[in-house]
Amino acid sequence: MSKNERLYGLTIKDIKKLKSIFKKYPQVNQVIIYGSRAKGNYRPSSDIDLTLVGEVEWPDFQKIEIDLDDLLLPYQIDLSIMSHISNPELLKHIQRVGQPFYQRTNHSDTS
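Numbered per UniProt numbering, the sequence shown spans residues 1 to 111.
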């Protein structure tokens with residue numbers, strides 16, 4: 001893929017930047033993208049809905065949010081921790097339309 005190609009309405013370059021943040025945190029096993037970007041009905045101004053899967057606690061969550069903000073990407077990122085979501089409808093939505101965005105492996109991470 002060229003750097004101008006898009007996935008979820010994001011450039012491959014921006015996706016790599018996002019994944020580079022998750023790679024820094026070993027407690028993040030997976031990141032799932034959901035919402036309009038996962039469904040394919042996003043607009044250029046749509047936020048990026050991401051939920052973290054793993055043993056992520058509040059201090060690390062805050063650091064991840066700061067690191068993502070420091071990327072200065074032109075998108076609003078709505079970040080959550082899957083195990084902390086208490087809204088059953090949101091959990092059903094994530095299970096229904098969510099797609100793996102980042103996956104850590106034992107040896108390294110995957111793009």
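The beta-carbon is built from N, C-alpha and C at its ideal position, and this holds for glycine as well. What you are looking at is a predicted structure, and each value in this text was computed from that prediction instead of being measured.
Hey, out of the options, whose CA is closest to residue i's CA?
i	options	result
S80	K39, I94, D70	I94
E55	V31, R37, E89	V31
For my contact list, residue i and residue j are in at a C-beta cut-off of 8 angstroms; report their separation, rounded to the angstrom.
i	j	result
I21	I64	6 angstroms
K17	L71	5 angstroms
On the DSSP letters alone, give me the boundaries of the alpha helix (DSSP H) that residue i sits inside.
i	result
R37	36-39
Tell me where the beta strand (DSSP E) around residue i begins and ends.
i	result
Y49	According to the sequence displayed, residue 49 carries Asp and not Tyr. Taken as a continuous stretch (DSSP letters only), the beta strand (DSSP E) holding D49 covers 48-54.
- Message: Give the list of continuous beta strand (DSSP E) stretches no shorter than 3 residues that lie fully inside the segment 57-93.
- Response: 77-81
- Within the chosen definition, does the segment 57-64 reach the segment 96-106 through at least 3 CB pairs nearer than 8 angstroms? no
- Message: Taking contact to mean 3 or more Cβ pairs, one atom from each stretch, closer than 8 angstroms, check whether the segment 13-30 and the segment 84-98 are in contact.
- Response: By the Cβ criterion, the segment 13-30 is not in contact with the segment 84-98, since fewer than three pairs of Cβ atoms, one from each stretch, lie closer than 8 angstroms.
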